[in-house]
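Colleague: Here's a structure for you.
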Amino acid sequence: MKSSKTILVTGGNGHIGFNVLKEVVKKYKNVYVLGRRISNKLAILIKENNVNIIKCDITDAESLSRFKNDFEKIDVVIHLAAFVPKTKEADNTDTAMKINLIGTMNLAKLVKNGSKFIFISTCEVYGVPKTAIIREEHPLNPLSYYGKSKANAELFLQSYSAKKEINLVILRLTSVYGPGELINRAIPNFISAAIINKSPIIYGDGSDKRDFIFIDDVVNYIIATIEQGFGVYNIATGKIYSIKEIAEKIIKIAKANVNVKFKEIKKHKMDYIFDITRAKEFGYTPKIEIDEGLSKEIGWFKYEK
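Count the sequence shown with my numbering and you get residues 2 to 306, in order.
Below, the structure is given as C-alpha cells:
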C-alpha cells in the first residue's frame, strides 16, 4: 500500500533524479516533480503515474513563489536539481552559485515548517583530505566552484532549517556510476572506447583512488531518508579502486583486445576513502559490487543506449 505522504523531487531529468522519481512513484501516492523542462522520458513517467508538475526555474524566486499553495501540501523535498560541470573548464562560479546556492535558498524558503528537506550534496565539499579516512566532521575546503556552491548551500540549509524547524538531511555522494550517466565522466568514457575495441585514455598515471557507488544503491539510500535520518551522511561504499584498475576491469568485462593508454598531465595524487558508519543507520549497505555494476553499465551501452 502506498504512503499518503506528499513528495517533491527536483532534478527529475537528471541521472539520479529520474531514477529516484521512478522509485518514489512506486511507494507514494502524491508526487510532484519540479524543473525548468520536461524531457520525453520524464513526460512518459509523469503521465503513467499521475505526477504533478511544477514547471519552474528554482533560480527565479518570484516564479517559484507562485506555487506557494503547492508547497503547503508537500511533506518531503528531495532536492537533486543542480549545476554539475561537465568538464573542469565548465566549472563556472556564477552558474554554480546561482543554481546550487541561490536556487537551493529559494526552494528552502517555500518549504513548510515541520517538513523534511533532503539535500543531495557531494563529497567534493571536503577538498584535499586531511585524514586517511574522511568522516562527516571533516572540514569543508572544496577546490572546485561546484564544490564551493554545494558547501555554501549546506551551511545555509543547516542555519535556515534550525530556525524553521525543518528536518534536514544532507547526503554527500561520492562518484555515482551506472546506466544512463553522462558520457563526459570517466567510466562511460572508458566503456564507450572499450566496446569498440579502442584503448581507454587516462590523464595522469591512473593511481588516484576513488569510491564508486552504483546508481541503484544511491537511489535506495535516498528513498530510505524519506522515512528516517537527520543530519549529514557520506553515501559511499567504503571501498576504493584506482582509476587504472577501473579502466582495466572495463577492458576485461567488455572483452576488448586493448590496453589502457596514458596521457601525461601534472596533478597531485589524491585518494578519497569515506567512512560510511553513519549511513548504516538506514539499515542499508551498498549491494552492487564494482564488477557487477560495470557489467550492467557495459550492457546498457551495448544494447540500450
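Don't be surprised by glycine CBs; every beta carbon is placed ideally from N, CA and C.
This one's a predicted model, so the numbers in the text were calculated from it and none came from an experiment.
Okay, do the region 51 to 69 and the region 33 to 41 touch, 3+ Cβ pairs below 8 angstroms being the bar?
Modeller: The region 51 to 69 vs the region 33 to 41: in contact.
Colleague: Could you compute how far the alpha carbon of Gly285 sits from the alpha carbon of Gly230?
Modeller: It should be noted that the sequence gives Tyr, not Gly, for residue 285. Roughly 12 angstroms separates the two Cα atoms.
Colleague: Taking 7 angstroms as the cut-off, decide whether the C-beta atoms of Ile241 and Lys210 are in contact.
Modeller: For Ile241 and Lys210, yes; Cβs fall inside 7 angstroms.
Colleague: Could you pull the start and end residues of the alpha helix (DSSP H) that Ile224 belongs to?
Modeller: Segment Ile216 to Glu228, the alpha helix (DSSP H) holding Ile224.
Colleague: Where Thr238 and Ala44 are concerned, what is the direct C-alpha to C-alpha distance, given to the nearest angstrom?
Modeller: Distance between the alpha carbons of Thr238 and Ala44 is about 32 angstroms.
Colleague: Measure the alpha-carbon distance for Ile1 versus Lys48 and round it to whole angstroms.
Modeller: Because the chain is modelled from 2 through 306, residue 1 falls outside the range shown and cannot be assessed.
Colleague: Does the beta-carbon of Ile125 have 16 or more other beta-carbons within 10 angstroms, so that it is buried, or is it exposed?
Modeller: Note that residue 125 corresponds to Glu in the displayed sequence, not to Ile. By the 10 Å Cβ count, Glu125 comes out buried.
Colleague: Taking the DSSP output, what are the residues bridged to Ser176?
Modeller: In DSSP, Ser176 forms a bridge with Phe213.
Colleague: Which parts of the region 31 to 73 are runs of the alpha helix (DSSP H), unbroken and 4 residues or longer, counting only runs that do not cross its ends?
Modeller: You should have 41 to 50, 62 to 66 and 69 to 72.
Colleague: Where DSSP assigns a beta bridge to Leu9, which residues make up the other side?
Modeller: Answer is Tyr33 and Val78.
Colleague: If you run the structure through DSSP and keep just helix, strand and coil, what is Leu111?
Modeller: It is coil, neither helix nor strand.
Colleague: Any idea if Asn235 is buried or exposed, counting beta-carbon neighbours within 10 angstroms, 16 or more meaning buried?
Modeller: Buried: at least 16 other Cβ atoms inside 10 Å.
Colleague: Please state if the CB of Asn168 and the CB of Lys117 are separated by a distance shorter than 7 angstroms.
Modeller: Taking 7 angstroms as the Cβ cut-off, Lys117 and Asn168 qualify as a contacting pair.
Colleague: Among residues of its own chain, excluding the 5 on either side of Ser4, which ones have a beta-carbon nearer than 8 angstroms to its beta-carbon?
Modeller: Within the same chain, Ser4 has close Cβ partners Lys28, Tyr29 and Lys30.
Colleague: So, using beta-carbon positions, are Asn101 and Glu166 closer together than 7 angstroms?
Modeller: Contact flag unset, no.
Colleague: Pull up the DSSP beta-bridge partners for Lys262, would you.
Modeller: Per DSSP, Ile202.
Colleague: Check Gly148 in the structure and name its three-state DSSP category.
Modeller: Of the three classes helix, strand and coil, the one that applies to Gly148 here is helix, per DSSP.
Colleague: Distance check for Tyr178 and Ala154, CA to CA, integer angstroms please.
Modeller: Spanning the two alpha carbons is a distance of roughly 24 angstroms.
Colleague: By DSSP's criteria, Leu169 is part of a beta bridge. Which residues make up the other side?
Modeller: According to DSSP, which records beta bridges pairwise, Leu169 is partnered with Phe118.
Colleague: Excluding the 5 residues flanking Val85 on each side, which residues of the same chain have their C-beta closer than 7 angstroms to its C-beta?
Modeller: Excluding sequence neighbours, Val85 sits near Tyr147.
Colleague: Look up Thr123 in the DSSP assignment and say whether it is helix, strand or coil.
Modeller: Three-state DSSP puts Thr123 in a strand.
Colleague: For Gly232, does the three-state DSSP call read helix, strand or coil?
Modeller: If DSSP states are grouped into helix, strand and coil, Gly232 belongs with the strands.
Colleague: Between which two residues does the alpha helix (DSSP H) harbouring Gly207 extend?
Modeller: Careful: Gly207 lies outside any alpha helix (DSSP H) and carries neither H nor E.
Colleague: Can we say the region 94 to 113 touches the region 56 to 75, given the rule of at least three CB pairs closer than 8 angstroms?
Modeller: The region 94 to 113, when compared against the region 56 to 75, does touch it at the 8 angstroms Cβ threshold.
Colleague: If you check the beta carbons only, do Gly294 and Ser243 fall under 7 angstroms apart?
Modeller: The answer is no: Cβ separation not under 7 angstroms.
Colleague: Could you check which residue in Met2, Gly15, Ile8 and Ile197 has the C-alpha nearest to that of Asn258?
Modeller: The candidate whose alpha carbon is nearest that of Asn258 is Ile197.
Colleague: Considering only the beta carbon of each residue, do Val219 and Glu137 sit closer than 7 angstroms?
Modeller: It is not a contact, given that the beta carbons lie outside the stated cut-off.
Colleague: With 16 other CB atoms within 10 Å as the buried threshold, where does Ile266 fall?
Modeller: Burial call: exposed.
Colleague: Answer with buried or exposed for Arg38, where buried requires no fewer than 16 other C-beta atoms within 10 angstroms of its C-beta.
Modeller: Per the 10 Å Cβ criterion, exposed.
Colleague: For Lys149, count the other beta carbons within 10 Å of its own beta carbon; 16 or more makes it buried, fewer makes it exposed. Which is it?
Modeller: Buried is the call here.
Colleague: Taking the alpha helix (DSSP H) that Gly300 falls in, what are its first and last residues?
Modeller: Ile291 to Tyr304 is the extent of the alpha helix (DSSP H) around Gly300.
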